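**Student:**
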Amino acid sequence: MAAKLRIPVITFKEGLVDAVKQRILATDSPARALFQAGGLEFVTLPLPMFPPSHGVQAAAPGDKVDAEKVELVESKWELTEDQLEVLLQATIVLGDAHNCAPLLLTPETGLPKNMQHLLKNVQWVQGTYAGVEQYLKRWEPGTPPPSFQLTRAGGINGLAQYVFGWVVTFERKFHEAYAMQKQKVFAQQALRYRPFQSVTVGILGLGAIAEAAWRPR
């Protein structure tokens, strides 16, 4: 019997594994057959912690850096023996670029000193969002390309929702409301907003994302 394919998942996105499983089960593919036969497992790992000097965030982009991360002088990753074995054997990784790029492209500083032997067999990395800048800035032009294939999470619908979400955030003054709430200030007049019926949104762009953002649903 072939060994089970165990895929490490390194992400700040809650519910990602469940969404991936649902997508696999909804398609007629070898992945679904393997998953249904018990030969495919997704193993969610805790997030690594990088020192501020490494220039990456160890959690969701935009999260505040806590005191422990500020004091770090080298990377830290708390893993169980089983999780270490998963990374040792892994040929496929599912994870965020800001977490995976340091681990895979600059392991001498991205991985803790006692974990330098991990992630040596990776052949394919599936990103969790569209951006690949974290990989590009760690790859020196003129040097051999990485030994693994990198695919990103595309799709215009998610980006269109992101655009709409930010429009709502700014119009409803969610950031200001959050700041006032932390200060225990409840100034309703300062948070007055325009009704949607009176708001006109201008979109600069004729590409697929812009089209998806304005297309009526």
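Here the numbering used here is used: position 202 in the sequence shown is 185, and no number is missing along the way. C-beta atoms are modelled at their ideal positions from N, C-alpha and C, and glycine is treated no differently. As the structure is a prediction and not an experimental result, all values here were calculated from the model.
(1) Mapping DSSP to helix, strand and coil, what is Glu154?
(2) Would you report the Cα separation of Tyr161 and Arg175, rounded to the nearest angstrom?
(3) Which of the three DSSP states, helix, strand or coil, is assigned to Asn104?
(4) For the beta strand (DSSP E) that Pro(-9) lies in, which residues bound it at each end?
(5) Assess, as a yes-or-no matter, whether the region 147 to 164 is touched by the region 127 to 134 under the definition of 3 or more beta carbon pairs within less than 8 Å.
(6) Where does the unbroken beta strand (DSSP E) through Gly190 begin, and where does it stop?
(7) If you follow the alpha helix (DSSP H) that Thr27 is in, where does it begin and where does it stop?
(8) Which value, in whole angstroms, describes the spacing of the CA atoms of Ala136 and Val182?
(9) Here's a check: name, in chain order, each residue in its chain whose Cβ is nearer than 6 Å to the Cβ of Gln132, leaving out the five neighbours to either side.
(10) What does the alpha-carbon distance come out to for the pair Val0 and Gln172?
(11) Suppose the cutoff is 6 Å on Cβ atoms and the five residues either side in sequence are ignored; what does the same chain contact list for Leu28 look like?
(12) Near Leu142, which residues of its chain fall below 6 Å by C-beta distance, leaving aside the five closest residues on each side in sequence?
(13) Kindly identify the DSSP beta-bridge partner or partners of Lys59.
(14) Taking all protein chains shown into account, decide if Gln117 is buried (16 or more other Cβ within 10 angstroms of its Cβ) or exposed.
(15) Restricting to Cα atoms, I'd like to know which of Val150, Lys167 and Gln164 is closest to Pro178.
(16) Would Pro34 and Glu57 qualify as a contact pair, given that the criterion is a beta-carbon distance under 8 Å?
(17) Over the uninterrupted beta strand (DSSP E) stretch that includes Gln132, give me the two end residues.
(18) May I ask you to verify whether the region 3 to 15 touches the region 89 to 97, counting CB pairs closer than 8 Å and requiring at least 3?
(19) Can a CB atom of chain C be found closer than 8 Å to the CB of Thr126?
(20) Rank Lys120, Leu62, Met163 and Gly22 by C-alpha distance to the C-alpha of Asn97 and give the top, closest one.
(21) Return helix, strand or coil for Gly78, following the three-state DSSP convention.
(22) Just verifying my parser: in three-state terms, what is the DSSP assignment at Ala41?
**Tutor:** Working from what's here:
(1) helix
(2) 14 Å
(3) coil
(4) Leu(-12) to Ile(-7)
(5) no
(6) Premise fails: Gly190 is in no beta strand (DSSP E) and is neither H nor E.
(7) Looking at the DSSP string, Thr27 is not in any alpha helix (DSSP H); the run it does join, the beta strand (DSSP E), is Leu23 to Thr27.
(8) 32 Å
(9) Trp107
(10) 43 Å
(11) Pro(-9), Ile(-7) and Gln66
(12) Ile192
(13) Met32
(14) buried
(15) Val150
(16) yes
(17) Gln132 to Thr134
(18) no
(19) No chain C appears in the structure shown, which is made up of a single protein chain.
(20) Leu62
(21) strand
(22) Below a pLDDT of 50, predicted positions are generally treated as unreliable, and Ala41, at 45, falls in that range; no measurement from the model is reported.
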